Amino acid sequence: MKPNIKIDFVSDIACPWCAVGLGNLQKGLDQLKEKANFELHFRPFELNPNMPKGGQDTIEHLTQKYGMSEEQVKANQAQIRARAIEAGFNFHPEGRKRVYNTFDCHRLLAWAAKECGLPSQLALKRELLKTYFCLAVDLDDQDNLIDAVMRAGLDKYRAQEILKGKEFADEVREEESTYTAAGISSVPSIILNNQYLVQGAQPPETFVSSLEQLIQKS
264 MKPNIKIDFV
274 SDIACPWCAV
284 GLGNLQKGLD
294 QLKEKANFEL
304 HFRPFELNPN
314 MPKGGQDTIE
324 HLTQKYGMSE
334 EQVKANQAQI
344 RARAIEAGFN
354 FHPEGRKRVY
364 NTFDCHRLLA
374 WAAKECGLPS
384 QLALKRELLK
394 TYFCLAVDLD
404 DQDNLIDAVM
414 RAGLDKYRAQ
424 EILKGKEFAD
434 EVREEESTYT
444 AAGISSVPSI
454 ILNNQYLVQG
464 AQPPETFVSS
474 LEQLIQKS
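Numbering-wise, the sequence shown is residues 264 to 481 according to the working numbering.
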């Protein structure tokens, strides 16, 4: 009998390395699908919880936050885009224009997991990442979020209902607090069976190695 492996993927839609990490993790899981059953959960983390509506220019935000020059930011974005393409995400060649608050995205992901199931949450996660990094459109525009919901095959009317109210807000805040209290301060952070932590956008072979060790012990 194949062992069951739980994976908690702590991440933010606004994090490009989270897209890279997810793509690489999925490649690793595909290599190991005959050896174990994997249960993938997406957990919320906000890089910019206090970002006001309308967001901030990406170059301005990154230069202020990390003390980088505009040239360094652009070089870094080009490097990330190359890594993202390898991981299966075709980032927009001009990059994302603005940085946004992602709380509504996390509320939708919480809904998808609870009412639609984990495969639906995965589909929505990928579509939200594509919305931001591949289409490079406004995350504050709820129509763009609904488009992602529809591409993921989920109920747009239920999603609209959630976005109009405050459903799943408490759940998201509680989960964010749980992982912050556990010491998670950067993303992606991938927790395997509540025992092992893999941090950063690791290559597929790193995920395979970590998971194989866990499978052998299961």
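Here a beta-carbon is modelled for each residue, glycine too, at the ideal position from N, C-alpha and C.
A quick note: this is a predicted structure, and the numbers were derived from the prediction, not measured.
Backbone secondary structure at Y542 - three-state DSSP: One cannot answer for residue 542 here, as it falls past the ends of the chain, which runs 264 to 481.
What first and last residue would you give for the alpha helix (DSSP H) that runs through K429? Neither: K429 is in no alpha helix (DSSP H) and is coded neither H nor E.
Grouping DSSP H, G and I as helix and E and B as strand, with all else coil, what is R359? Reduced to three states, the DSSP call for R359 is coil.
What runs of the alpha helix (DSSP H), each 4 residues or longer, lie entirely inside the region 287 to 336? If we require 4 residues or more, the alpha helix (DSSP H) runs fully inside the region 287 to 336 come out as 321 to 329.
I348: buried (16+ other C-beta within 10 angstroms of its C-beta) or exposed? exposed
Just the C-alpha distance for D320 and A432, rounded to the nearest angstrom, thanks. Approximately 26 Å between the Cα atoms of the pair.
How many angstroms separate the CA atom of S332 from the CA atom of A341? 14 Å
Selected residue, minimal CA-CA separation from P466, among N311, L381, I453 and P356: I453
For K393, count neighbouring Cβ atoms within 10 angstroms of its own Cβ and tell me buried if that reaches 16, exposed if not. buried
Rounded distance between the beta-carbons of L303 and F272, thought under 8 Å: 6 Å
Hey, how far is the Cα of T365 from the Cα of G317? 12 Å
Nearest neighbour of P356, chosen from N313, N339 and H369 [CA to CA]: N339
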